[in-house]
Amino acid sequence: MDLVQLQRQLVEYRTSLYHEGFLDEQFTQLQELQDENNPDFVVEVVSLFFEDSERLLNELTKALEQQSIDFKRVDAHVHQLKGSSSSIGAQRVQKVCIAFRNYCEEQNVEGCLKCLQQVRHEYSLVKTKLESMFQLEQQILSAGGSIPM
Amino acid sequence: MMLGNCATSSSLSTESDEDIVNNNLTVLVVDDSPMIRKLHDMHLKKFGLKVQVAENGKNAVDLFRSGASFNLILMDKEMPIMDGAEVTKELRTMGVTSMIVGVTSLDSIFDRQAFMEAGLDHCFTKPLTTENIIFLLQELNKKNNEEN
């Protein structure tokens, strides 16, 4: 695939991520912060998001496995996940977190378990998609091109 | 106004843009999330601000105790050991007059109110936007002018 095709593919892919609600305006703001002095800024922030999320998802799984669930603790983790997902524009993850928090408030175990499954699913989707997008960007850079905005 | 992110200016004259690109204003970002610290650090640096980060409330208080001072403090609410409201109260008790701005993902108006009452000047929803920063710089300039 030549450079122009790669660049077009990237633009199309990125656009689809916005259309499908995986990413929102906040991600655009993130990209706008990147510059020549900090060319890996977006990748670094997203990597921190991945680390953070994986830690939180593990904590959530543990917390919901307890005999007597501490809903305050569960809520605190979901709240954090909501905050970090909204900060990078991972809109679908953020939306599940909102529903998740409602179930925590109601102390609804089934609802919480369902949301945990959903949030894991949405997280793994956005992770895969962002990684694909970064790979495309890397291919373009390796081919000597620049990332279209 | 409690919900600070409503207070945005939609059009800026070139004159105020020049005032805004700053010089010597210092900011302390207090947040336990490395991702948020990195985000805010980058965003604020774009406006020419000098940024330091603290990963929890105790570190922030210790910084001030050791004599550091900042024009602006961005304070996360949910942190372990000392939450943002506790840190804010402590700093105000210590006599810190810097602008302290809460940055939180709290949704409830009551929670925000409680945070504001700890001594905040403004409170925004995470994450901080460009409009928020411009607003804060304008407020900081006003504050500086009043104090000089």
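Residue numbers (the working numbering), protein chains in the order written: chain A, 1 to 149; chain B, 150 to 297.
C-beta atoms are modelled at their ideal positions from N, C-alpha and C, and glycine is treated no differently.
{"query": "Using the C-alpha atoms, what's the distance from H77 of chain A back to E59 of chain A?", "result": "7 Å"}
{"query": "Closer than 7 Å between beta carbons: that is the criterion. Which residues of the segment 191-204 of chain B meet it against chain A?", "result": "M191, H192, K195"}
{"query": "Determine which residues of the segment 77-88 of chain A have a Cβ less than 8 Å from any Cβ of chain B, and write them out in chain order.", "result": "H79, Q80, K82, G83, S84, S86, S87, I88"}
{"query": "Taking the alpha carbon of Q26 of chain A as the point to measure from, which residue in B:F196, B:E280, B:T246, B:L269 has its own alpha carbon closest?", "result": "B:E280"}
{"query": "Rounded to the nearest angstrom, what separates G111 of chain A and D75 of chain A at their Cα positions?", "result": "13 Å"}
{"query": "Quick check on K195 of chain B: does DSSP put it in helix, strand or coil?", "result": "coil"}
{"query": "If you measure beta-carbon to beta-carbon, which residues of the segment 33-45 of chain A are closer than 9 Å to chain B?", "result": "L33, Q34, D35, N38, F41, E44, V45"}
{"query": "Are K129 of chain A and F22 of chain A close, meaning C-beta to C-beta below 8 Å?", "result": "yes"}
{"query": "Quick check: is the beta carbon of F49 of chain A nearer than 8 Å to any beta carbon in chain B?", "result": "yes"}
{"query": "Distance cutoff 8 Å, beta carbons only. Does S257 of chain B sit that close to anything in chain A?", "result": "no"}
{"query": "Pairs of beta-carbons, one from the segment 76-95 of chain A and one from the segment 118-128 of chain A, closer than 8 Å: are there three or more?", "result": "yes"}
{"query": "Indicate the three-state DSSP secondary structure (helix, strand or coil) for M1 of chain A in the structure shown.", "result": "coil"}
{"query": "So L177 of chain B is in the beta strand (DSSP E); what residue range does that whole segment cover?", "result": "175-179"}
{"query": "Hey, would you say I140 of chain A sits closer than 8 Å to Q31 of chain A, going by beta carbons?", "result": "no"}
{"query": "So, helix, strand or coil for F273 of chain B, using DSSP?", "result": "strand"}
{"query": "Please say whether A203 of chain B and L212 of chain B have beta carbons closer to each other than 8 Å?", "result": "yes"}
{"query": "Extract the residue ranges of the alpha helix (DSSP H) inside the segment 39-79 of chain A, only unbroken runs of 4 or more that lie entirely within it.", "result": "41-65"}
{"query": "Answer with buried or exposed for N293 of chain B, where buried requires no fewer than 16 other C-beta atoms within 10 angstroms of its C-beta.", "result": "exposed"}
{"query": "Got a sec, what are the start and stop residues for the alpha helix (DSSP H) I258 of chain B sits in?", "result": "258-266"}
{"query": "May I ask which residues mark the beginning and end of the beta strand (DSSP E) holding T253 of chain B?", "result": "248-253"}
{"query": "Kindly list the residues whose CB is nearer than 7 Å to the CB of T163 of chain B, restricted to its own chain and excluding five residues on each side of it in sequence; keep chain order.", "result": "Only weak support exists for where T163 of chain B lies, its pLDDT of 42 falling under 50; the coordinates are left without a value."}
{"query": "Using DSSP with H/G/I as helix, E/B as strand and the rest coil, what is M224 of chain B?", "result": "strand"}
{"query": "Expressed to the nearest angstrom, what Euclidean distance is found between the alpha-carbon atoms of Y13 of chain A and V210 of chain B?", "result": "46 Å"}
{"query": "Should S247 of chain B be labelled buried (16 or more other beta-carbon atoms within 10 Å of its own) or exposed?", "result": "buried"}
{"query": "I want to verify the contact list: residues of chain B whose CB lies under 9 Å from the CB of Q26 of chain A, in sequence order.", "result": "P276, T278"}
{"query": "Less than 8 Å between the C-beta atoms of D270 of chain B and V252 of chain B, yes or no?", "result": "no"}
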